[in-house]
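Taken in order, these protein sequences are the chains called A and B. The working numbering numbers the first residue of the first sequence as 3 and each following residue consecutively. The working numbering numbers the first residue of the second sequence as 1007 and each following residue consecutively. From the three backbone atoms N, C-alpha and C, an ideal C-beta is built for every residue, glycine too. One structure is given here, and the rest of the page talks about it.
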Amino acid sequence: DAMVIQNPRYQVTQFGKPVTLSCSQTLNHNVMYWYQQKSSQAPKLLFHYYDKDFNNEADTPDNFQSRRPNTSFCFLDIRSPGLGDAAMYLCATSRGTGESPLHFGNGTRLTVT
Amino acid sequence: AQRVTQPEKLLSVFKGAPVELKCNYSYSGSPELFWYVQYSRQRLQLLLRHISRESIKGFTADLNKGETSFHLKKPFAQEEDSAMYYCALTGHNQGGKLIFGQGTELSVKP
């Protein structure tokens, strides 16, 4: 009954080789978020979509892009992964109001070799 | 600047002991505060939010605007409470996006 599904659970890519992480939801939520979480650190918001409106965080590197082709799916594209991009990537959804909780996926752990 | 601070990386207690996980925040405006929990090998999930004023799994948290704190408390810890706990904040017009604290790992020993 998973409602926010991230694939794959583990992803290995080579330095500089583009990689795409995917997220889908069955909650029909307006908002989808991508967070990056490095070891022993807080999850850090990269960007989010409110419906079709893309909202990038000011300090998100240009190397990170996102696509949301429809309500259910959202992708995280890393154009040229560096060793520093190795992290857990968390997708989350919400209705988008202040008090609405976020629903997280299990995350994708990215390794860059 | 908006910030959430959890001063303890690790909190270790014995079963049955009281637990308090500290959270302080910095926010100019009226924040919405949450506690999220991540059990071993499970996804991050909502534990409770200040607006609900509820007790979940015996945990409570009170928003203290004077001290800008939202500490998480439980009178008698259980082994199954062992997990990673994150305090998080959002603003009224932030579209629900959360700012997380660094997290506190709670270890409850038998």
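Review point. Roughly how many angstroms separate the alpha carbons of A:M34 and B:I1105, rounded to a whole number?
Key: Position 32 of the first sequence, counted from the first residue, corresponds to residue 34 of chain A. Position 99 of the second sequence, counted from the first residue, corresponds to residue 1105 of chain B. Each residue's alpha carbon lies about 15 Å from the other.
**Study point:** Proximal chain A residues relative to B:G1107, where beta-carbon distance stays under 8 Å
**Key:** Sequence index remark: in the second sequence, residue 1107 of chain B carries index 101 (1-based). In chain order: A44.
Exercise for review: Would you verify that the beta carbon of A:L47 is, or is not, closer than 7 Å to some beta carbon of chain B?
Suggested key: Reading the first sequence from its first residue, position 45 is the one you call residue 47 of chain A. By this cut-off, A:L47 is an interface position.
Check your understanding: How many Å lie between B:R1009 and B:C1029 at the Cα?
Key -> As a first step, residue 1009 of chain B must be located in the second sequence, where it is residue number 3. As a first step, residue 1029 of chain B must be located in the second sequence, where it is residue number 23. Distance between the alpha carbons of B:R1009 and B:C1029: 10 Å.
Point to revise | C-alpha gap between A:F1 and A:L23, whole angstroms | key: Given a span of 3 to 115 for chain A in the structure shown, any question on residue 1 of chain A remains unanswerable.
Check your understanding: Name the chain B residues whose beta carbon is nearer than 8 Å to that of A:P103?
Key -> Residue 103 of chain A sits at position 101 when you count from the first residue of the first sequence. Simply F1040, L1052, R1055.
Exercise for review: Evaluate contact between the region 11 to 26 of chain A and the region 69 to 86 of chain A, counting only Cβ atoms and requiring at least three cross-stretch pairs below 8 Å.
Suggested key: yes
Review point. Measuring CA to CA, which of A:G109, A:P103, A:R70 is closest to A:A89?
Key: Residue mapping note: residue 89 of chain A aligns to position 87 of the first sequence, counting from 1. Looking at the Cα atoms, A:G109 is the closest of the given residues.
Review point. Does DSSP put B:L1069 in a helix, in a strand, or in coil?
Key: The residue given as residue 1069 of chain B occupies position 63 in the second sequence. The answer is coil: DSSP assigns B:L1069 none of H, G, I, E or B.
Point to revise | Separation of B:S1018 from B:E1085, as counted between CA atoms | key: As a position in the second sequence, residue 1085 of chain B is number 79, starting the count at 1. As a position in the second sequence, residue 1018 of chain B is number 12, starting the count at 1. Each residue's Cα considered, the two are about 11 Å apart.
Review point. Count the other CB atoms within 10 Å of the CB of A:S96; is the residue buried (16 or more) or exposed (fewer)?
Key: Along the first sequence, one-based indexing puts residue 96 of chain A at 94. Buried, since its Cβ has 16 or more Cβ neighbours within 10 Å.
Exercise for review: Could you say which of A:T28, A:H105, A:C93, A:N58 lies nearest to A:R111 if we only look at CA atoms?
Suggested key: Numbered from its first residue, the first sequence carries residue 111 of chain A at position 109. Per the Cα distances, A:C93.
Check your understanding: So, is B:Y1045 buried or exposed, given that buried needs 16 or more other C-beta atoms within 10 angstroms?
Key -> Your numbering for residue 1045 of chain B matches position 39 in the second sequence. The residue is exposed, with fewer than 16 neighbouring Cβ atoms inside 10 Å.
Review point. Which residues of chain B have a Cβ atom closer than 9 Å to the Cβ of A:L78, listed in chain order?
Key: Reading the first sequence from its first residue, position 76 is the one you call residue 78 of chain A. In chain order: nothing, as chain B lies at least about 16 Å away.
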